[in-house]
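Here is the structure we will look at.
Number of protein chains: 2
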Amino acid sequence: MSTRVDAVTAWESLFRAQVAVMRTIAAEFPTRDISLNEYDVLFNLSRQPGRELRQRDLNRQTLLAQPSLSRLIDRLAGRGYVEKAPDPKDARGTLIRLTDEGFALFRRVAVEHMASITARVGGALDTDDLAQLAVLCDKLRADEG
Amino acid sequence: MSTRVDAVTAWESLFRAQVAVMRTIAAEFPTRDISLNEYDVLFNLSRQPGRELRQRDLNRQTLLAQPSLSRLIDRLAGRGYVEKAPDPKDARGTLIRLTDEGFALFRRVAVEHMASITARVGGALDTDDLAQLAVLCDKLRADEG
DNA sequence: GCTAATTCGATACGTTTGCATCGAGAATGG
DNA sequence: CCATTCTCGATGCAAACGTATCGAATTAGC
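Each protein sequence line maps, in turn, to chains X and F. The opening position of the first sequence corresponds to residue 1 in my numbering, with each subsequent residue numbered one higher. The opening position of the second sequence corresponds to residue 1001 in my numbering, with each subsequent residue numbered one higher.
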């Protein structure tokens, strides 16, 4: 069956493309202000209703191990960008909420970051390619398991 | 211009897909034997003629910072999976060569790893999708800058 | 309703990573 | 040919990460 080989090849291409693009983007990222992992957390919170999310759900969006995210959040909380509150629905859980200051930081960084992405990604693919790529990647992500 | 928005959307999709797939793959990876970054180094060496590469070139394939790769290689060398030799063409450079033991380890791990990829990626997209995705990602990667 | 198994987040601890910097060698420019 | 600049890889050091483990809370099975 050729799908076996094709799947590995496609993943290889996707992974290398991700590395290539990420290198450019990371080089232009304002790491002094915030790390990419921290940005990713702010990003995920920002698009949530009420700008809050359970730590458990936040963890599912990233590749970070649970203890790593736990401490990353403590660092963000220490700098005033997020707040931690117990989940009223589940006493085990913790709700992480983006503060106004955190949202302001996110928006400020997002502007530069999106410009980097537009330059690197938009410069390599035309509109049709971009749309196609997004569809395929969404399909790939959807199939959890 | 709508390409601005599309580029950011497409990158977002690609990145999230990469995270989703990587989570599955990493969970099934034999981390006891070797880390994913270490595997990536062995992988890159394995497909090189003579199975050797300059550390500088190796560095361009990964997202690791130069000192991190330097020490990762030292660890691999300490375990006998690679060997370091001065580059006769350039006395600054170091050639990293995959040993037979390193190649054997790579092949052993690659079997399981490719099975993980096939299951996760091949299960979500059909052959046409996979081919399309590979083309788009290669195009995206090609445009370095 | 009670016990066992699971989930959630935090902490201890060793490992890995990145940033800053260095010395040695190679390229550049006069 | 010499001085300046750049490239390559290594090391000091602090920050961040992952594995193992724990206590508290919830869920599942009897």
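The C-beta atom is built at its ideal place from N, Cα and C for all residues, glycine as well. From a predicted model like this one, the values you see are computed outputs, not experimental measurements.
- In the three-state scheme derived from DSSP, where H, G and I count as helix and E and B as strand, Glu52/X is classed as strand.
- Only buried fits Gln18/X, as 16 or more other CB atoms lie within 10 angstroms of its CB.
- Listed along chain X are Gly122, Thr127, Leu130, Ala131 and Ala134, each with a C-beta nearer than 8 Å to that of Asp1006/F.
- DSSP, reduced to helix, strand and coil, places Ala1085/F within a strand of the structure shown.
- Leu1095/F has Arg1054/F and Ala1085/F as its beta-bridge partners, per DSSP.
- Residue-level contact by beta carbon holds for Leu14/X and chain F, with a gap shorter than 8 Å.
- According to the DSSP assignment, Ile73/X belongs to the alpha helix (DSSP H) that extends over Gln66 to Gly78.
- Interface criterion not met: the Cβ of Thr31/X is under 8 Å from no Cβ in chain F.
- What Leu69/X touches in chain F, judged by beta-carbon distance under 8 Å, is nothing: the nearest beta carbon there is about 13 Å away.
- For Val1111/F, the nearest beta carbon of chain X is not closer than 8 Å to its own beta carbon.
- Contact annotation for Ile73/X against chain F: no contact, minimum CB-CB distance about 18 Å [criterion: below 7 Å].
- Counting along the chain, Thr62/X sits inside no alpha helix (DSSP H), nor does DSSP assign it H or E at all.
- Within the same chain, and ignoring the five residues on either side of Phe1106/F in sequence, the residues whose Cβ sits closer than 6 Å to its Cβ are Leu1042 and Ser1046.
- Setting aside the 5 residues that flank it on each side, Arg56/X is surrounded in the same chain by Gly93, each with a C-beta closer than 8 Å to its C-beta; the list follows chain order.
- Counting C-beta atoms within 10 angstroms of its own C-beta, Leu1036/F has fewer than 16 neighbours from the protein chains shown and is therefore classed as exposed.
- Between the alpha carbons of Asp1100/F and Tyr1081/F lies a distance of about 8 Å.
- Contact annotation: the stretch 70-80 of chain X does not touch the stretch 124-133 of chain X, with fewer than three C-beta pairs closer than 8 Å.
- Flagged as an interface residue toward chain F: Asp138/X, by a C-beta distance shorter than 8 Å.
- Taking every protein chain shown into account, the CB of Val111/X has fewer than 16 other CB atoms within 10 angstroms, so this residue is exposed.
- Taking the beta carbon of Leu1063/F as reference, the chain X residues within 8 Å of it are Val19, Met22, Arg23 and Ala26, listed in sequence order.
- For Ile117/X, the closest Cβ of chain F is nearer than 8 Å.
- When the beta-carbon positions are compared, Arg1141/F and Arg16/X come within less than 8 Å of each other.
- Here the C-alpha atom of Ile34/X lies approximately 31 Å from the C-alpha atom of Lys89/X.
- Following the DSSP letters along the chain, one finds Ile1117/F inside the alpha helix (DSSP H) bounded by residues Asp1100 to Gly1122.
- For Arg32/X and Gln66/X, the gap between their C-alpha atoms comes out near 24 Å.
- If you look at Asp138/X, you'll find it in the alpha helix (DSSP H) that goes Thr127 to Ala142.
- Only buried fits Gly102/X, as 16 or more other CB atoms lie within 10 angstroms of its CB.
- Only residues of its own chain outside the window of five on either side were considered, and among them Leu1045, Arg1097, Leu1098 and Phe1103 have a CB closer than 8 Å to the CB of Arg1051/F, listed in chain order.
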